[in-house]
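Heads up: the sequence shown is residues 626 to 940, going by this note's numbering.
The block underneath contains the structure these notes are about, expressed in structure tokens.
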Amino acid sequence: MNKFIFPSLKILALRIARLYTFELEFIERAELPKWKGNMIRGAIGLHLRSKSCLTDGDCLKCSLLFKCPYGYLFEAKSKGIVLRKLEGYAKPYTIKPPLTEKTEFEEGDDLNFSVVLFGDAVRFERFLLASVAEMARRGLGRRGSVGKLKLKNAYVENPFAREKSILYDGREVYDPKTWITTRDISGSIGRTFLLRFLTPFRLLKEGKLLRDFDFSELAPFILRKYSAIMQQYVGSVDVDARRALVNSTGVKLLGERMSEVNFKYKGEDQEFLIGELVYSGRLLADVRKPLAFCQLSHIGKRSSFGFGWYELLSI
């Protein structure tokens, strides 16, 4: 019998995101809040708007909304794709704030953080870099205690492949080649795995704080976040949500260690949670990919500010 040898076919890997890490150093004393993501986000947005806005500032009526770095990243609710409550969780960026709870910074102290841009939002990376540089020049901190910084380096990183390339070295801007692709988030996950939340998270179900962390309760939040960002900014959704939800019912919660953290937002006290969740079960690719992806995008309320950031560890 003749044997037919077929050439191996490479699965097309879609470019889905870039993770930018900025290394800064204070050159003046400053005071920052315990949780720094919102302040960093606000400062970047302020300087991004000043560098890119060409109109009277009414973004939602602006014909340049989807071409403007500030409008697209911070104000655009949808590109015309109808998804339920899309504006609540589908921004094309995420802030990964400093994890230190330190609030007093002296001259010479470091401040490092990252920003993820998803899909077609990567075209605004030079504006992002310029806005971080402007934030450093003008300073960061609480009112009355703002300190200027020096932007030392900026990298583009792929944490899944443990790769990084230089974007800015303090003098020159480079053209990095590093991307995070669908292949990077498709790796295997051990049958027993841990979700360790690095920042507090807040998930609401029917208007109430979710406290039931059975995996079948958590999975819909992860799947919606993945599908919304992939469809809006990458242009492809490659998981079967129905199959993923069925698979999630077979994953068991082995243990949890949670504590409460309270925040005041727009005058309202809000409760967040932080801690670790341990699960066991066989995960299909339709679950593994969104689960790995949401390490980049985070989950829950105000995830683009830096909340809901977890790391996934196989045990």
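Beta carbons are placed, not taken as given, at the ideal position from N, Cα and C, and that holds for glycine.
All figures in this text were calculated on a predicted structure; none of them were measured in a lab.
Same chain, Cβ closer than 6 Å to residue i, neighbours up to 5 away in sequence not counted
i           : result
residue 646 : 739, 780 and 782
residue 848 : 866, 869 and 915
residue 862 : 852, 855 and 856
residue 694 : 673, 677, 749 and 752
residue 663 : 930
residue 785 : 809
CB of residue i within 7 Å of CB of residue j, strictly
i           : j           : result
residue 837 : residue 868 : no
residue 741 : residue 719 : yes
residue 775 : residue 652 : yes
residue 897 : residue 816 : no
residue 795 : residue 656 : no
residue 744 : residue 859 : yes
residue 908 : residue 814 : yes
residue 871 : residue 840 : no
residue 922 : residue 850 : yes
residue 792 : residue 934 : no
CA-to-CA distance, residue j to residue i, given in whole angstroms
i           : j           : result
residue 752 : residue 905 : 43 Å
residue 649 : residue 773 : 10 Å
residue 918 : residue 723 : 20 Å
residue 643 : residue 845 : 25 Å
residue 638 : residue 926 : 30 Å
residue 807 : residue 654 : 42 Å
residue 899 : residue 890 : 17 Å
residue 640 : residue 879 : 34 Å
residue 874 : residue 660 : 34 Å
residue 702 : residue 680 : 19 Å
residue 658 : residue 809 : 34 Å
residue 754 : residue 764 : 15 Å
residue 696 : residue 882 : 39 Å
residue 948 : residue 769 : Since the displayed the chain opens at 626 and closes at 940, residue 948 lies outside it and no answer follows.
residue 717 : residue 821 : 23 Å
residue 895 : residue 721 : 21 Å
residue 887 : residue 901 : 18 Å
residue 924 : residue 913 : 15 Å
residue 581 : residue 799 : The question about residue 581 has no answer, for the chain in this structure spans 626 to 940.
residue 715 : residue 811 : 21 Å
residue 928 : residue 797 : 32 Å
residue 771 : residue 920 : 31 Å
Residues near residue i in its chain [Cβ-Cβ closer than 7 Å; skip 5 each side]
i           : result
residue 818 : 904, 937, 938, 939 and 940
residue 710 : With a pLDDT of 44 at residue 710, under the threshold of 50, the predicted position of this residue should be treated as unreliable, though the coordinate-derived value follows. Here the set comprises nothing.
residue 726 : 659
residue 825 : 886, 897, 898, 899 and 932
Identified DSSP bridge partners for residue i
i           : result
residue 783 : 788
residue 738 : 647
residue 834 : 829
residue 778 : 648
residue 805 : 642
Cutoff 7 Å: residue i Cβ touching any chain B Cβ
i           : result
residue 938 : Note that chain B does not occur in the displayed structure, where there is just one protein chain.
Spatial neighbours of residue i in its chain, beta-carbon cut-off 8 Å, leaving aside the 5 residues before and after
i           : result
residue 700 : 684, 685 and 690
residue 803 : 643, 781, 782, 783, 788, 789 and 790
residue 842 : 830 and 835
residue 728 : 656, 657, 658 and 659
residue 777 : 648, 649, 650 and 795
residue 687 : 680, 693 and 696
residue 629 : Per-residue confidence for residue 629 stands at a pLDDT of 39, beneath the threshold of 50, marking its modelled position as unreliable; no derived number is given.
residue 884 : 898, 899 and 900
*Do the stretch 668-676 and the stretch 727-736 touch if we need at least three Cβ pairs shorter than 8 Å?*
no
*Mind the definition here: the stretch 675-690 touches the stretch 750-760 only if three or more C-beta pairs lie below 8 Å; say whether that holds.*
yes
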